Amino acid sequence: SRFRIGLTGGIGSGKTTVANLFAKQGITLVDADIIARQVVEPGSPGLSAIVTRHGQEMLLPDASLDRRKLRGLVFNHPDEREWLNALLHPLIRQEMLKQLQQATSPYVILVVPLLFENGLDSLVNQTVLVDIPSALQITRTSQRDDVDEAQVQSIINSQMSREDKLARADYVIDNQGDLVQLEHQVMQLHKQFLEQAKLSPD
Ligand code: ATP
């Protein structure tokens, strides 16, 4: 199977920006956030299982999942959170594998915010961390999303520490600089990955 890169980084680190630069080079992206929605889209086995367990009231009028209601439910019921994770994690993993296998570019990038936290680095050959100090995570995220700094800090606290991620990643992109410096690093890695993809069996 094709050479696979896992791309990760904390909130506001620049994953999406980096992923789009690789896509501009023709590299296929498999996006965990999109897949997490696909496995519960109307008509999916994932959504059926949720409705069987929690009833039609988990659906919005257009038959899509009422995410806000589901979030509220699992927030108040740890057992139901576990049940939901046991349902969704295998579905997400399976869909990631399917999309990784379908990719046609020389290598393929799996973009996952919680790549290490959720053990999804086991699906890829190499990992890339987009790294910035937490002060910059806070300023960039609060500028982007209009959320307050304390909220961003609490999300940072819930994610794996910067040090642990740095220790695990095969490659680190330093995104403290400007977009020109970022694109330069991406191009360097792209060249390396093309070489590695050539050497790796299909
Ligand atoms: P999240 O996990 O929260 O979705 P992310 O890791 O995908 O975030 P991005 O959305 O790519 O991060 O970047 C966060 C914000 O920082 C965006 O508004 C983006 O435009 C901006 N940004 C990214 N890299 C740089 C940079 N080198 N210089 C200035 N701004 C940047």
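In short: position in the sequence shown from 1, add 1, done, that's full-length UniProt numbering.
The beta carbon of each residue, even a glycine, is placed where N, CA and C say it ideally should be.
Note that the structure is predicted; figures quoted are calculated from it, not measured.
Item                                                                                                                                                                               : Value
What would DSSP say about valine 41, mapped onto helix, strand or coil?                                                                                                            : coil
What's the call for isoleucine 36, buried or exposed, on a 16-neighbour Cβ count within 10 Å?                                                                                      : buried
Which stretch, first to last residue, makes up the alpha helix (DSSP H) that contains phenylalanine 117?                                                                           : Taken as a continuous stretch (DSSP letters only), phenylalanine 117 belongs to no alpha helix (DSSP H), as it is neither H nor E.
On the DSSP letters alone, give me the boundaries of the alpha helix (DSSP H) that aspartate 80 sits inside.                                                                       : 79-103
Beta-carbon separation of glutamate 81 and leucine 92 under 9 angstroms?                                                                                                           : no
Does the stretch 126-145 come within contact of the stretch 159-175, defined as at least 3 CB pairs closer than 8 angstroms?                                                       : yes
Am I right that glycine 13 and arginine 141 are in contact with their C-beta atoms under 8 angstroms? What's the rounded C-beta distance?                                          : 5 angstroms
Is glycine 7 helix, strand or coil when you go by DSSP?                                                                                                                            : strand
Would you mind working out which of Ser143, Gln182, Leu111 and Met59 sits nearest leucine 30, comparing C-alpha positions?                                                         : Leu111
Taking 9 angstroms as the threshold (C-beta atoms), are threonine 9 and proline 114 in contact?                                                                                    : yes
If you follow the beta strand (DSSP E) that aspartate 175 is in, where does it begin and where does it stop?                                                                       : 172-175
Return the CA-CA distance between leucine 71 and glutamine 160, expressed in angstroms with no decimal places.                                                                     : 22 angstroms
Assuming glutamine 138 contacts phenylalanine 4 (C-beta within less than 8 angstroms), just tell me the rounded distance between them.                                             : At roughly 29 angstroms, the Cβ-Cβ gap does not stay under 8 angstroms, so glutamine 138 and phenylalanine 4 are not in contact.
Return yes when at least one heavy atom of the ligand ATP lies under 8 angstroms from the C-beta of glycine 56, else no.                                                           : no
Determine the closest residue to alanine 24 out of Arg94, Val187 and Asn158, with distance taken between C-alpha atoms.                                                            : Val187
With DSSP as the reference, label aspartate 32 as helix, strand or coil.                                                                                                           : strand
Kindly identify the DSSP beta-bridge partner or partners of residue 233.                                                                                                           : In the structure as shown, the chain starts at 2 and stops at 203, and residue 233 therefore has no counterpart that could be examined.
Let me know if alanine 33 comes out buried or exposed under the rule of 16 or more other beta-carbons within 10 Å of its beta-carbon.                                              : buried
Can you grab the Cα-Cα spacing for the pair glutamine 100 / histidine 90, in whole Å?                                                                                              : 15 angstroms
Is proline 107 closer than 9 angstroms to lysine 199 when the C-beta atoms are compared?                                                                                           : yes
For phenylalanine 76, count neighbouring C-beta atoms within 10 Å of its own C-beta (all shown protein chains included) and say buried if the count is 16 or more, exposed if not. : exposed
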